[in-house]
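Engineer:
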Amino acid sequence: DWTLQGAWSPTRAKALPICDSWRIPYADSLSSLAASCDAVFVHSSTASHFGVVSTLLNAGVHVCVDKPLAENLRDAERLVELAARKKLTLMVGFNRRFAPLYGELKTQLATASSLRMDKHRTNSVGPHDLYFTLLDDYLHVVDTALWLSGGNATLESGTLLTNESGEMLFAEHHFSAGPLQITTCMHRRAGSQRETVQAVTDGALIDITDMREWREERGQGVVHKPIPGWQSTLEQRGFVDCARHFIECVQNQTVPQTAGEQAVLAQRIVDKIWRDAMSE
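By the UniProt record's numbering, the letter at position 168 of the sequence shown is numbered 168, and the numbering carries on one by one without gaps.
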């Protein structure tokens with residue numbers, strides 16, 4: 001149903017190995033790539049997102065772009081508005097929304113009282129400032145937790161710690177969605193890369209580690225669900241289904257899960273977290 005038409009990068013040396021690997025042409029410009037494609041995946045620096053995505057949308061091309069949509073909220077909203085005017089698909093690649101274990105967990109949260117997501121780093125303090133790290137990494141935690149909870153959560157309180165250079169050390173925030181209490185947490189020098197989600201429901205305690213380990217207690221001991229042997233790491237982490245979802249939405253002219261308001265929901269929260277921290 002679809003074919004790879006080509007690839008482009010402002011740095012030719014980066015694109016050529018990919019083109020050679022997939023036996024696809026190297027486009028000599030972004031506009032020439034757009035002219036040969038119905039849809040484009042954008043994997044570039046956050047600072048370049050607005051320029052690249054707006055060029056593609058204005059050329060009539062559907063776009064799936066890495067999170068965040070743009071390096072500031074206003075530009076992200078402008079891209080959403082442009083896609084709507086052009087009647088084009090604009091999807092942000094929040095891969096965790098397509099991770100199989102997170103999808104399964106979401107179906108079991110009807111009676112949940114508590115949901116907590118932690119995503120830590122071994123030693124990744126700096127070199128970027130607080131805003132960059134919130135938008136580049138903490139955004140994943142906020143988006144996933146809000147999506148799991150149904151997306152209508154209210155920010156109640158939180159803590160941000162930085163070093164003397166203004167680089168993020170630690171973040172923890174608390175949200176509420178009706179009776180459900182939600183916590184997001186990240187430490188930039190935790191000595192671990194572990195990512196965990198824990199849900200406390202009426203009758204069950206469920207823990208997911210690194211999108212591949214499911215641990216569940218329902219009063220009869222601990223149950224571990226094995227990962228299917230055929231499932232690749234890219235599938236476990238949601239990248240495969242994320243890409244497939246975008247292609248299917250373009251083919252079927254349907255709205256992606258992470259388009260429109262959903263594309264900027266978490267970015268709005270992260271922007272507020274940063275502005276509140278700067279005003280203190």
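In this text, a Cβ means the ideal position worked out from N, Cα and C, and glycines have one as well.
Because the structure is a prediction, the values reported are computed rather than measured.
1. Check each candidate in Glu261, Leu161, Arg188 and name the one with the smallest Cα separation from alanine 277.
2. Determine the direct distance from the alpha carbon of alanine 204 to that of glycine 221, and round the result to whole angstroms.
3. Hey, cysteine 185 and aspartate 137: beta-carbon distance below 7 Å or not?
4. When the Cα atoms are used, what is the spatial distance from valine 42 to valine 52?
5. With the cut-off set at 7 Å, would you say glutamine 193 and arginine 116 are in Cβ contact?
6. Can you tell me the Cβ-Cβ gap for phenylalanine 239 and asparagine 95, rounded? I've got them flagged as a contact below 8 Å.
7. Consult DSSP for methionine 186 and reduce its assignment to one of helix, strand or coil.
8. Isoleucine 264 and alanine 76 look like a contact to me (Cβ under 8 Å); what is the Cβ gap, rounded to whole Å?
9. Touch check for the region 162-177 and the region 64-83: three-plus C-beta pairs under 8 Å?
10. Does histidine 245 come out as helix, strand or coil in the three-state DSSP assignment?
11. Given a cut-off of 7 Å, decide if threonine 258 and methionine 91 are closer than it, judged by their beta-carbon atoms.
12. Starting from arginine 74, follow the alpha helix (DSSP H) in both directions and report where the run begins and ends.
13. In this structure, how does DSSP classify cysteine 37 when only helix, strand and coil are distinguished?
14. Are the region 27-37 and the region 4-19 in contact at 8 Å, needing three or more beta carbon pairs?
Structural biologist: Judging by the given coordinates:
1. Leu161
2. 11 Å
3. Contact flag unset, no.
4. 8 Å
5. no
6. 5 Å
7. strand
8. It should be noted that the sequence gives valine, not isoleucine, for residue 264. With a Cβ gap of about 5 Å, valine 264 and alanine 76 count as contacting.
9. Segment contact: the region 162-177 against the region 64-83, fewer than three CB-CB distances shorter than 8 Å; contact not assigned.
10. It is helical.
11. yes
12. 73-86
13. Of the three classes helix, strand and coil, the one that applies to cysteine 37 here is coil, per DSSP.
14. yes
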